[in-house]
Structures are given as structure tokens and as C-alpha cells.
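Written out below as C-alpha cells is the structure these notes cover.
Residue numbers (our numbering): 14 to 488.
See below:
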């Protein structure tokens with residue numbers, strides 16, 4: 014009865030939390046084979062999120078690196094590499110994937126994160142069951158009776174523990190959803206700005222349009238760097254030593270070294286100028302941006318300056334200028350939203366109380382099961398603790414979605430493709446062609462004929478004439 018109550022509690026928690034594990038892209042990092050003109054940029058979401066899928070890890074390991082040269086910006090080769098992960102492969106598991114999920118359980122990062130409490134609870138439960146078995150065999154009934162608490166205490170506490178887990182996971186999932194909506198707003202705003210630039214290209218000017226496009230394309234990468242700093246490790250810095258490709262960023266706080274989760278931190282953050290987004294900016298602008306503590310805010314300020322410098326004309330008035338400045342304000346709002354989610358954690362008192370309650374409940378549960386399960390108490394508690402602590406860890410993982418739950422690099426690449434079409438040669442024309450009418454005429458549209466079926470338009474006109482005649486007496 015006690016075990017079934019615990020299982021029902023877990024089912025209720027999962028149903029209310031609506032949370033699931035996410036499989037971020039594995040980092041593609043190579044130090045020894047790192048060429049001078051190649052930068053391995055897909056190094057973002059290898060943190061503490063779930064990487065259950067072995068096949069997904071192998072597929073991601075086969076993706077080509079993104080290369081970018083600051084001296085010769087080869088747009089066609091960059092297009093081909095960018096198109097290789099144009100569609101993020103988000104896994105959506107169904108009931109038919111049960112076998113794959115069970116087989117890939119050893120690769121779960123959630124299981125690795127909770128192996129400590131699960132191991133201790135399992136060992137403790139096994140010890141309790143062995144002591145109970147020995148005392149029962151020797152007839153020490155006074156000891157065995159004192160070890161059996163019954164099901165009533167844990168049944169009363171189970172609902173409270175369930176409410177704590179539900180609130181913890183729901184609040185974390187809301188933060189995850191809010192972070193995704195923020196980046197959706199960023200994507201839509203960048204698309205709107207580039208549309209305005211293409212429609213008013215004659216008034217804006219081709220040079221200014223190119224500058225605004227490059228600033229827009231660099232903005233999401235800089236925002237990603239702002240909320241999830243990534244610096245070159247020692248070996249990579251040694252490769253760039255005594256070369257003009259190294260760039261030192263002015264960081265107001267200590268940041269992790271390297272692209273993989275590590276405890277090493279430093280105030281000196283070095284990056285490669287040939288990588289995105291640094292290769293999108295010229296040296297004079299890049300040095301100013303690198304010295305800023307908030308580089309995405311610096312880019313939004315420069316965007317506002319570029320838009321304000323556009324001279325008024327018949328087609329470009331204060332209305333068009335204010336529309337673009339509102340888009341820049343939306344970009345600034347995205348910075349604030351990301352900073353709020355990243356810098357504000359779940360209240361410490363609540364997080365500690367929830368974890369302490371779950372720990373005490375789990376460590377005392379064996380005394381309610383040992384009289385019925387015997388030596389099976391240890392394996393049973395291993396499963397129960399894995400389920401309960403797994404739900405808690407999922408809430409902790411998605412609490413800050415920018416540390417791996419959201420595939421920010423895929424979103425940055427998507428914005429780059431939609432923004433830099435005017436500065437690219439081949440793949441960029443896929444969107445650029447929408448603003449060009451070369452080789453088109455009205456006859457091409459007229460040649461399509463009646464789009465709703467032969468005679469439909471004529472019949473509609475006849476019906477409208479009959480309707481007008483019927484309505485004349487009432488007018």
C-alpha cells in the first residue's frame with residue numbers, strides 16, 4: 014500500500030508539472046585538429062540537461078563546423094555550413110519509443126546528476142532491510158516492531174511533498190516557456206527590421222543596410238555570449254598566441270573557461286575574431302564592442318544611431334523611423350527579459366525546504382516498507398528515489414533555460430540566415446528574391462486564369478447583380 018501510494022504521488026507530480034527532459038546539441042569541440050581558419054562554434058548547450066539519445070549524439074557529432082574568416086568572408090561556404098543545421102532536430106518521444114528510452118537510460122544526464130542521493134538512499138534502505146531480516150530471524154521482536162513505522166506517517170506527508178514538487182517544477186517550466194517566447198520575439202523583430210530595410214533600401218542606402226544587417230546578425234550571438242559566456246581554454250589560447258586573431262573581452266565578472274561546463278573561471282575571456290559573431294564587425298567597431306560590459310546593449314544602441322542618421326525624404330518620414338526605433342526597443346527588452354530569467358533563481362528558502370522535505374521523506378520511507386517488502390526494500394527505494402529526485406532535478410535544470418534547455422545556437426543561426434540574406438550570394442537569395450520583381454510581369458499572374466474554378470468568377474458577378482436587383486425595393 015505504501016509503495017502504491019508513492020507511485021501514485023509520482024504520477025500526479027508528472028501530470029501536474031508538464032515538464033520533460035530536453036536533449037540539447039552536443040558540443041563539437043576539437044583542440045588538436047582545430048585549423049587556423051576554422052572555428053568550432055556549436056559549443057553551447059553541453060551543460061546539465063538530458064542527453065538521453067545515443068543516436069542523437071552521434072548525429073550531432075557528424076555536423077560540420079562553422080568556419081568564418083575575417084579577412085575573406087566567404088559567404089557561399091558559410092551558407093552551406095549554416096544550412097546543414099537549418100532545422101533543429103527536437104526529439105518528441107511517443108509511447109512507441111519506450112525501448113529506446115530504457116536502453117539510453119545510462120546516458121541520461123538527469124540520472125548522473127541524481128546518482129548521489131539515489132545511491133545513498135538505496136544503500137540505506139538495503140541496510141535497513143538487512144538489519145530487519147537479521148533481527149526477525151533471531152526473534153528480536155522489540156527491535157523489529159520499533160523499525161516498522163507503518164504507512165500512516167508517510168501517507169500524510171506524501172501530499173505535502175507532492176505539492177512542493179509540483180510548484181517547483183511548474184515554476185521552472187514557466188521560466189522555460191518565457192525564455193522561449195523571448196527568443197521568439199527576438200527572431201520576429203529581426204525579421205521585421207530586415208523587411209523594412211529591403212522595402213526602403215533606396216532611402217536607407219545599400220551601405221547602411223549592410224551595416225544594420227551585420228549588427229542584427231551579431232546581436233543574438235552577443236546576447237547568447239552575455240547570458241552564457243564562453244571563452245577559449247588554455248590550449249586554444251596557445252594556438253592563437255602571437256596572432257592578430259585573439260580578442261580579449263571586458264568581462265565584469267568571472268566566467269567559465271572553455272566551452273564545456275567547468276569549475277575553472279577567469280576574468281580574462283579570450284575569443285577568436287574569425288568566429289561568429291566577431292567576424293561580422295570591422296576591427297574599429299569590434300574593439301569598442303569588446304570593451305563594453307553589455308555587448309548586446311551596445312549593438313542595440315549602435316542600431317538606433319544608424320537608424321537615426323537616415324535622412325528624411327518623401328518615402329522616409331518620422332513614421333518609418335519610429336517604427337524601426339520601436340523594433341530596437343524590443344531588442345533591448347529581450348536583453349532585460351533574458352537577464353531577469355538568468356539572474357533570478359527560485360527563492361533559496363523554498364528550494365532548500367523542498368529538497369529537505371523530499372530527502373527526509375525518502376530516507377524514512379524504508380521503515381514503512383520493510384515489514385512488507387523485506388530485502389526488496391532496497392531495489393524498491395532505488396526506483397522511488399530515482400523517480401522523485403528526477404522530477405526535482407528536471408525542475409532545477411529548466412529553471413534557467415539558457416544553460417542548455419533551449420538550443421540558443423540553433424536560434425542564433427536561424428536569425429543569421431534570415432537577416433544576412435542581403436550580404437550573401439547563393440542561399441541568401443532565397444529571401445532576397447521576394448523583394449525583386451526581375452523577370453516578372455502582370456501577364457504571368459493573368460495567365461493563371463480563374464484560381465477558384467472555371468466560371469466561378471462569372472457566376473459570382475451574376476449572383477451579385479441578382480442580389481442588387483432583389484435589394485432595390487428595400488432601399
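From the three backbone atoms N, C-alpha and C, an ideal C-beta is built for every residue, glycine too.
**OP:** Quick one: residues in its chain with C-beta nearer than 7 angstroms to the C-beta of residue 386, no 5 flanking neighbours on either side, listed in chain order?
**Re:** For this step, residue 386 is matched to residue 373 along the chain shown. Shown here for residue 386: same chain residues with a beta carbon closer than 7 angstroms to its own, the five before and five after excluded, namely 393 in chain order.
**OP:** Return the chain-ordered ranges of every alpha helix (DSSP H) run that is complete within the region 127-184 and spans a minimum of 4 residues.
**Re:** You should have 128-150, 154-160.
**OP:** Ignore the nearest five residues each way along the sequence and tell me which others in residue 321's own chain have a CB closer than 8 angstroms to its CB.
**Re:** Residue numbering aside, residue 321 sits at position 308 when the chain shown is read from its first letter. Exclusion of the five residues before and after residue 321 leaves 334, 338 as the residues of its chain whose Cβ lies within less than 8 angstroms of its Cβ.
Original post:
Using 8 angstroms as the Cβ pair cut-off and three pairs as the minimum, do the region 311-327 and the region 244-259 touch?
Top reply: Output reads no: the region 244-259 does not touch the region 311-327.
Original post:
Using the rule of at least 16 other Cβ atoms within 10 Å of the residue's Cβ for burial, across every protein chain shown, is residue 405 buried or exposed?
Top reply: Stepping through the chain shown from its first residue, residue 405 is reached at position 392. So residue 405 counts as buried.
Original post:
Who pairs with residue 259 in a beta bridge, going by DSSP?
Top reply: Residue mapping note: residue 259 aligns to position 246 of the chain shown, counting from 1. DSSP lists 285 as the bridge partner or partners of residue 259.
Subject >> DSSP state of residue 228 mapped onto helix, strand, coil >> reply: Numbered from its first residue, the chain shown carries residue 228 at position 215. Residue 228 falls in the helix class under three-state DSSP.
**OP:** Could you tell me whether the Cβ atoms of residue 222 and residue 216 are closer together than 7 angstroms?
**Re:** Numbered from its first residue, the chain shown carries residue 222 at position 209. Numbered from its first residue, the chain shown carries residue 216 at position 203. Taking 7 angstroms as the cut-off, the beta carbon of residue 222 is found no closer than this to the beta carbon of residue 216.
Subject >> Proximal residues to residue 118 (C-beta, below 7 angstroms), its chain only, five neighbours per side dropped >> reply: Within the chain shown, residue 118 is the residue found at index 105, counting from 1. Cβ neighbours of residue 118 beyond the five flanking positions: 124.
**OP:** Please classify residue 41: does DSSP put it in a helix, a strand, or coil?
**Re:** As a working mapping, residue 41 is identified with position 28 in the chain shown. The predicted model places residue 41 with a pLDDT of 35, which falls under 50 and marks its position as unreliable; any figure quoted below should be read in that light. In the structure shown, residue 41 falls within a coil segment according to DSSP collapsed to helix, strand and coil.
**OP:** Classify residue 347 as helix, strand or coil using the three-state DSSP reduction.
**Re:** Working through the chain shown from its first residue, we reach residue 347 at position 334. Helix.
Original post:
Just the Cα atoms here: how many angstroms apart are residue 429 and residue 231?
Top reply: The residue you call residue 429 lines up with position 416 of the chain shown. The residue you call residue 231 lines up with position 218 of the chain shown. In a straight line, the C-alpha of residue 429 is about 8 angstroms away from that of residue 231.
Original post:
Got a sec? Which residues, its chain only, sit under 7 angstroms from residue 68 by beta carbon, not counting five neighbours each side?
Top reply: Against the chain shown, residue 68 aligns to sequence position 55. Any reading at residue 68 is ruled out, since the residue's pLDDT is 38, under 50, leaving its predicted position unreliable.
Subject >> Cβ-based neighbour list, residue 259, same chain, cut-off 6 angstroms, excluding 5 preceding and 5 following >> reply: Mapped onto the chain shown, residue 259 falls at position 246. For residue 259, where only same-chain residues beyond five positions count, the Cβ hits under 6 angstroms are 253, 283.
**OP:** List the endpoints of the continuous alpha helix (DSSP H) containing residue 328.
**Re:** Here residue 328 corresponds to residue number 315 of the chain shown, with the count starting at 1. Counting along the chain, residue 328 sits inside no alpha helix (DSSP H), nor does DSSP assign it H or E at all.
Subject >> Cβ pair count under 8 angstroms reaching 3, the region 371-384 against the region 136-150 >> reply: The region 371-384 vs the region 136-150: in contact.
Original post:
Is it the case that the Cβ atoms of residue 391 and residue 157 are separated by a distance below 7 angstroms?
Top reply: Your numbering for residue 391 matches position 378 in the chain shown. Your numbering for residue 157 matches position 144 in the chain shown. No, they are not a contact pair.
Original post:
Is residue 453 helix, strand or coil when you go by DSSP?
Top reply: Looking up residue 453 in the chain shown gives position 440. In the structure shown, residue 453 sits in coil (DSSP, three-state: anything other than H, G, I, E or B).
**OP:** Check each candidate in 174, 226, 186, 195 and name the one with the smallest Cα separation from residue 204.
**Re:** In the chain shown, residue 204 corresponds to position 191, counting from 1. The shortest CA-to-CA distance from residue 204 to any of 174, 226, 186, 195 is the one to 226.
Subject >> residue 265 in three-state terms, based on DSSP >> reply: Working through the chain shown from its first residue, we reach residue 265 at position 252. Of the three classes helix, strand and coil, the one that applies to residue 265 here is strand, per DSSP.
Original post:
alpha helix (DSSP H) containing residue 381: first to last residue?
Top reply: Locating residue 381 in the chain shown gives position 368, counting from the first residue. DSSP places residue 381 inside the alpha helix (DSSP H), whose first and last residues are 379-386.
Subject >> Contact set for residue 262: own chain, Cβ-Cβ below 7 angstroms, skip 5 residues either direction >> reply: Position 249 of the chain shown, counted from the first residue, corresponds to residue 262. If we look at residue 262 and ignore the five residues flanking it on each side, its Cβ neighbours are 282, 284, 303.
**OP:** Just mark residue 186 as buried or exposed, buried being the case when its beta carbon has 16 or more other beta carbons within 10 Å.
**Re:** Counted from its first residue, the chain shown places residue 186 at position 173. With at least 16 other beta carbons inside 10 angstroms of its own, residue 186 counts as buried.
Original post:
Are there three or more Cβ pairs, one per stretch, closer than 8 angstroms when the region 368-378 is compared with the region 166-181?
Top reply: By the Cβ test, the region 368-378 is in contact with the region 166-181, since at least three Cβ pairs between them sit closer than 8 angstroms.
**OP:** Could you say which of 122, 324, 458 lies nearest to residue 218 if we only look at CA atoms?
**Re:** Here residue 218 refers to the residue found at position 205 when the chain shown is read from its first residue. Scanning 122, 324, 458 for the CA closest to the CA of residue 218 turns up 324.
Subject >> Whole-number beta carbon distance between residue 239 and residue 308, since they are thought to touch under 8 angstroms >> reply: Walking along the chain shown from the start, residue 308 turns up at place 295. Walking along the chain shown from the start, residue 239 turns up at place 226. Yes, they are in contact, since the Cβ atoms of residue 308 and residue 239 sit about 6 angstroms apart, within 8 angstroms.
Original post:
Within 10 angstroms of its Cβ, does residue 234 collect 16 or more other Cβ (buried), or is it exposed?
Top reply: Sequence index remark: in the chain shown, residue 234 carries index 221 (1-based). Its Cβ being crowded by 16 or more others within 10 Å, residue 234 is buried.
**OP:** Could you check what DSSP says for residue 323 in three-state terms: helix, strand or coil?
**Re:** Translated into the one-based positions of the chain shown, residue 323 becomes position 310. Residue 323: coil per DSSP, three-state reduction.
**OP:** Less than 8 angstroms between the CB atoms is what I'm expecting for residue 348 and residue 310, so what's the real figure, rounded?
**Re:** As a working mapping, residue 348 is identified with position 335 in the chain shown. As a working mapping, residue 310 is identified with position 297 in the chain shown. Yes, residue 348 and residue 310 are in contact; Cβ-Cβ is about 6 angstroms, under 8 angstroms.
Subject >> Bounding residues of the alpha helix (DSSP H) (the contiguous stretch that carries residue 13) >> reply: With the chain represented from 14 up to 488, any question about residue 13 goes unanswered, as that position is not in the structure.
Subject >> Host alpha helix (DSSP H) of residue 215 (start-end) >> reply: In the chain shown, residue 215 corresponds to position 202, counting from 1. Residues 214-217.
**OP:** Buried or exposed for residue 301, please, with buried defined as at least 16 other CB atoms from any protein chain shown within 10 angstroms of its CB.
**Re:** Counting from one through the chain shown, the residue named residue 301 turns up at place 288. So residue 301 counts as exposed.
Original post:
Can you tell which of 343, 139, 461, 209 has its C-alpha closest to the C-alpha of residue 196?
Top reply: The residue given as residue 196 occupies position 183 in the chain shown. Cα-wise, what sits closest to residue 196 is 343.
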